[in-house]
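Protein chains in written order, with this note's numbering: chain A, 751 to 1168; chain B, 966 to 1088.
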């Protein structure tokens, strides 16, 4: 049995920043467990630029952004194990992991930080009818083939879903010589950033078909084509609008889901909205000493926010090891248009700086307000020209504001027309 | 002769539709922006649009088959195709260090292509 103060599960951007946070708070007996053969997580295959604008005030590529954190982990002499898969964890923080060198590892931790990230929603989760031929990939898998392994999954491509990975892959496949026929999006708006629509689609003349979906997939051994159709206001396909597009490759960019199989084994309570743990202001889950950060908690648009959040989760875990206890004092309610908030619970007494409440809305809102209520009193009322499901929102509550409401029993976050 | 162009601002999620009137390749009027970012974006995008190009290059004897690369700074948008053509078929020998120059002065510009990842040599 190996003993550690803090075990961090996952060596991607969340795990790296959490480890740095814990170490900076004075805890040395840390280990990062990573199942891949290198640190950095998914950033290694995100070779496009645009990372780090908030953190470093410059535009880095994914590998460059990861390198900065990996270098810091190495400089701080934080130990890590690669090619190490965590198989089990219980609520007493006993962890079972395996790798080639150690065989089976039994680890006892005082605190655990969950940083496993997320995985892509697969074809099976979205019920597209049609043949089960080769040539259908999630966008992230195709990205790994092209950017890490150096081979192309196909030549004539249709992409379903206009999330950022789908848009990025439309450009990537085009640059590598493929023909991207269309990006097909069910909703009347794109789930991706404007910048990516302009620079990944418009620059290369790739059509974005909003309010469209795929109604059938054709091909025996290899994909031969897909049927697309417009959808009505209930998102149901309109039969008469069907159109056949020949292609040998279909990429799916239809959402990301926090990867929480392990969390469930330790009785960590998960949100039915995000699929990630319900945490308090210190990123502690309902299980004492188990913390969560990054995409395992809720899926982020920008890695910069993952790093910021995870650094803070690492510090909280370190304080826990030193004796600090956390509690879910009051609940933050997500109402009218707000789908969820992170954190879900808050103890206003222990916040020494600001409290960031992050959330997503369920629809597109123009010229609305984001309001925060402490009990019945509205303490924040921010005009927003636009709110969209594709962009995570952050509201900062200052320490001074929190101190004015020591007896608050309930915090509510809402979208309001006025 | 006045030419009208419509572009979407990428400054923020609002995505304002900008209408740009051009006269002899000079921007005369920008309409539809709701902040200064929009106006500046329209001016740049209509007179001198630039992009950072990212791609990958084959590696010989490396721990990975490819290394990710980028243009060191942004290059004119109409040079993207030339840039990609120069990268195609290119091979480099491992080891490669992040920041190494892969192509000096790509597509007739003074901008270098540099590696963005380090690849160890395998024997």
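The beta carbon of each residue, even a glycine, is placed where N, CA and C say it ideally should be. The model shown is predicted, which means the values in this text are computed figures rather than measured ones.
Separation of residue j from residue i, as counted between CA atoms
i, j, result
"residue 1019 (chain A)", "residue 865 (chain A)", "16 Å"
"residue 1036 (chain A)", "residue 1043 (chain A)", "14 Å"
"residue 1143 (chain A)", "residue 1053 (chain A)", "14 Å"
"residue 759 (chain A)", "residue 840 (chain A)", "13 Å"
"residue 838 (chain A)", "residue 854 (chain A)", "11 Å"
"residue 938 (chain A)", "residue 984 (chain A)", "11 Å"
"residue 973 (chain B)", "residue 965 (chain A)", "30 Å"
"residue 888 (chain A)", "residue 910 (chain A)", "9 Å"
"residue 969 (chain A)", "residue 987 (chain A)", "21 Å"
"residue 1006 (chain B)", "residue 975 (chain B)", "8 Å"
"residue 773 (chain A)", "residue 1038 (chain A)", "20 Å"
"residue 825 (chain A)", "residue 816 (chain A)", "14 Å"
"residue 981 (chain B)", "residue 800 (chain A)", "21 Å"
"residue 1073 (chain B)", "residue 988 (chain B)", "28 Å"
"residue 991 (chain A)", "residue 980 (chain A)", "6 Å"
"residue 1032 (chain B)", "residue 794 (chain A)", "10 Å"
Short CB-CB distance (under 9 Å) between residue i and chain B
i, result
"residue 1115 (chain A)", "no"
"residue 948 (chain A)", "yes"
"residue 944 (chain A)", "yes"
"residue 811 (chain A)", "yes"
"residue 1088 (chain A)", "no"
"residue 901 (chain A)", "yes"
"residue 926 (chain A)", "yes"
"residue 798 (chain A)", "yes"
"residue 1135 (chain A)", "yes"
"residue 953 (chain A)", "yes"
"residue 897 (chain A)", "yes"
"residue 794 (chain A)", "yes"
"residue 914 (chain A)", "no"
"residue 842 (chain A)", "no"
"residue 850 (chain A)", "no"
"residue 814 (chain A)", "yes"
Sequence-distant residues of the same chain with beta carbon closer than 7 Å to residue i, five excluded per side
i, result
"residue 1117 (chain A)", "1135"
"residue 757 (chain A)", "781, 783, 845, 857, 859 and 862"
"residue 995 (chain A)", "908, 931, 932, 975, 976 and 978"
"residue 766 (chain A)", "789, 819, 820 and 823"
"residue 904 (chain A)", "885, 928, 998 and 999"
Any C-beta of chain A under 9 Å from that of residue i
i, result
"residue 1023 (chain B)", "yes"
"residue 1074 (chain B)", "no"
"residue 1087 (chain B)", "no"
"residue 1020 (chain B)", "yes"
"residue 1031 (chain B)", "yes"
"residue 1082 (chain B)", "yes"
"residue 970 (chain B)", "no"
"residue 1009 (chain B)", "no"
"residue 1066 (chain B)", "no"
"residue 1035 (chain B)", "yes"
"residue 997 (chain B)", "no"
"residue 980 (chain B)", "yes"
With 16 other Cβ atoms within 10 Å as the buried cut-off, status of residue i
i, result
"residue 1035 (chain B)", "buried"
"residue 1059 (chain A)", "buried"
"residue 914 (chain A)", "buried"
"residue 970 (chain B)", "exposed"
"residue 994 (chain B)", "exposed"
"residue 901 (chain A)", "exposed"
"residue 1154 (chain A)", "exposed"
"residue 1124 (chain A)", "buried"
"residue 925 (chain A)", "buried"
"residue 1148 (chain A)", "exposed"
"residue 1031 (chain A)", "buried"
"residue 893 (chain A)", "buried"
"residue 806 (chain A)", "exposed"
"residue 1048 (chain A)", "buried"
Neighbourhood of residue i by C-beta, 8 Å cutoff - its chain only, sequence neighbours within 5 removed
i, result
"residue 787 (chain A)", "832 and 833"
"residue 856 (chain A)", "751, 752, 844, 845 and 846"
"residue 1132 (chain A)", "1119, 1120, 1121 and 1145"
"residue 1028 (chain B)", "1059, 1084, 1085, 1086 and 1087"
6 Å CB neighbourhood of residue i in its chain, flanking five on each side removed
i, result
"residue 1041 (chain B)", "1015"
"residue 1176 (chain A)", "Examination of residue 1176 (chain A) is not possible in this model, given that chain A is present from 751 through 1168 alone."
"residue 1028 (chain A)", "1019, 1021 and 1094"
"residue 1019 (chain B)", "1035"
"residue 779 (chain A)", "754 and 755"
"residue 953 (chain B)", "This structure cannot speak to residue 953 (chain B), because chain B is shown only from 966 to 1088."
Whole beta strand (DSSP E) elements within the segment 947-1019 of chain A, 3-residue minimum | 962-968, 975-980, 993-996, 999-1002 and 1006-1008
In chain order, which continuous runs of the beta strand (DSSP E) of length 3 or greater are located wholly inside the segment 1082-1132 of chain A?
-> 1088-1092, 1105-1111 and 1115-1124
Which full runs of the beta strand (DSSP E) of 3+ residues lie inside the segment 834-875 of chain A, going along the chain?
-> 835-839, 844-849, 853-864 and 868-870
Ranges of the beta strand (DSSP E) found wholly within the segment 780-810 of chain A, counting only runs of at least 3 = 780-783 and 799-801
Going along the chain, which unbroken runs of the beta strand (DSSP E) with 3 or more residues stay wholly within the segment 884-955 of chain A?
-> 886-888, 906-910 and 929-934
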